[in-house]
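Single-structure report; data block below.
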Amino acid sequence: MKEIEVTLTVNKRVHTVNVAPRMTLVDCLRDILRLTGTHVGCEHGVCGACSVMFDGEPVRSCLMFAVQAEGHEITTVEGLVGEDGEISDLQDSFWECHAMQCGYCTPGMLISSHALLMENPSPDDHDIREAISGNLCRCTGYQQIVEAVKMAAERRQEGL
Amino acid sequence: MKAATFDYVRPASVDEVCRLLADAGEMERKIIAGGQTLVPLMAMRMSRPDMLIDINDVNGLSEIEDKGDHLVIGGCTRQRALERSEIISKRLPLLAKAIRKVGHIQTRNRGTIGGSIVHGDPTAEISMAALALEASVLLRSVSEEKEVPLDGFFEAAMVTNIEPDQILTEVRIPVWEGASIGTGFYETASRESDYAIVSAMAQIELAADGTIVKAAVSAGGVAPCPLKLRGVELALKGSKPAELSSALDGLDEEIDPDTDVHATAGYRSRVARRLITRAIEDAVSEAKNERD
């Protein structure tokens, strides 16, 4: 099948790639752009591990084809780190609350909670659970993840 | 879990989309909008189109317009846009109430109203609300454009009456203008935002004396397609809210639940009865509050 040239912006860098139409966005990010922070789990839109920001909104990158990203802007988990290369306050809260065990769901969890905090700086438990309801975690029982998001929100409120 | 190979085109106009569909011949050409139902089907190889026609760059397919007695919603309007729309929350309270339960934020950011309706998932909240309110869809092909009521559009689970050469361009949903209108919506799922096992919604209009003058009731997960409960609606009309319980007397004849891995038919019947009752009760009490 003929490959198609696609120009997309990922983590503020413009890339031009050649992809077969059937290549999903997550495979393009991982296999061509070598951004393996975004995980690929179920490949049919159930687990949320492949979540990325697409034009500023969280989406599942296994449910999009890379050709559809032409001209669009994507932020992956790699793009959450600060200019100085340090992990973000949200990632730091995940670390502190031990909001991961195997880490498979973590990039998706981070993207979903990052999107939540952009829209709602002081979410309650229900808001957080709703925001991460599209992300499966088989280790933590979700509790520490909820705590981590809350911690990040509180720290931002306090200006820490 | 990789889709089979296909060709990809991204036309800029509805005319071009229609032409591509009309020229398909023996090939299967499918429209992709949000892709939130289609891409999983393709990943599981349950759908293997030869060509995907991406309509995300087609202008004019994602507007929400208030036409007075109805809203016109472009087929490619994102579910997230419906959720954030002031027009929807003011004019279509039932859809506004249900929209947050459609998939997850990540899927609502891509998924569209038209995509949800044409796929015909048995518990899709958008289809249930649109069907309850007697909405219609505008289907266009090279040769014609026609308005088709949703009543009769849902054929079976994941099967709807749209022809392979047609594109859904608009959804037209009637707006109720009465002074005293309320809505109710309930669903049960394994976890929040999961596929509903059973869902129920109601929109009720009360007269000044408290009589029910208009009733729209629908249920999901109790038949192969979303169901408008005309018997229940008929029984409600003209009755007082105190007589609610008898309105569901004929419910079992209207629904046709199936047993699957998620729940038995008996469970679905029992839960449906409770959820429909609660949805109607909520709608009535909301309508009373509107009036007072």
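Residue numbers (this note's numbering), protein chains in the order written: chain D, 7 to 166; chain C, 1458 to 1749. The beta carbon of each residue, even a glycine, is placed where N, CA and C say it ideally should be.
Open item on the list: Going by beta-carbon coordinates alone, are L1528 of chain C and R1548 of chain C separated by less than 7 Å?
Closed with: yes
Open item on the list: I'd like to know whether the C-beta atoms of I1661 of chain C and A1740 of chain C end up nearer to each other than 7 Å.
Closed with: yes
Open item on the list: Tell me which residue opens and which closes the beta strand (DSSP E) that K1671 of chain C is part of.
Closed with: I1669 to G1677
Task: Burial state of K1554 of chain C (16 or more Cβ within 10 Å) - done: buried
Open item on the list: According to DSSP, E1644 of chain C sits in a beta bridge with which residue or residues?
Closed with: C:S1656
- [ ] Scan the segment 149-162 of chain D for residues whose Cβ lies nearer than 8 Å to a Cβ of chain C and list them as they occur along the chain.
- [x] none
Task: Cβ shell of S119 of chain D (< 8 Å), same chain only, five flanking positions each side left out - done: L96, I134, A137, I138, I151, A154, V155 and A158
- [ ] List the residues that DSSP assigns as beta-bridge partners of G1531 of chain C.
- [x] C:E1627
- [ ] Can you give me the Cβ contacts of Q1536 of chain C inside the same chain, cut-off strictly under 6 Å, excluding the 5 residues immediately before and after it?
- [x] V1559, R1565 and G1568
Open item on the list: For V1496 of chain C, would you say it is in contact with chain B, using Cβ-to-Cβ distances shorter than 7 Å as the test?
Closed with: No chain B is part of this structure, whose protein chains are labelled D and C.
Task: From C:E1483, C:L1732, C:L1663 and C:A1680, residue whose alpha carbon lies closest to that of A1613 of chain C - done: C:A1680
Task: Residues from the segment 36-50 of chain D in contact with chain C, defined by Cβ distance under 8 Å - done: C48, E49 and H50
Open item on the list: So, under 8 Å CB-CB, A1676 of chain C and I1733 of chain C are touching, yes? Tell me the CB distance rounded to an integer number of Å.
Closed with: 6 Å
Task: Alpha carbon of M1615 of chain C to alpha carbon of L1498 of chain C, nearest angstrom - done: 11 Å
Open item on the list: Spatial neighbours of A1657 of chain C within its chain, please: C-beta separation below 6 Å, excluding the five flanking residues on both sides.
Closed with: Y1643, A1676, L1732, I1733 and A1736
Task: Sequence-distant residues of its chain with Cβ nearer than 7 Å to P1683 of chain C (five each side left out) - done: P1579, A1581, S1584, M1585, L1588, F1611, S1675 and G1677
Open item on the list: Please report whether the beta-carbon of E63 of chain D lies at a distance below 7 Å from any beta-carbon of chain C.
Closed with: yes
Task: Closest Cα partner of N1746 of chain C within the set C:G1723, C:A1665 and C:V1718 - done: C:A1665
- [ ] Output yes if chain C places a C-beta closer than 7 Å to the C-beta of L69 of chain D; else output no.
- [x] yes
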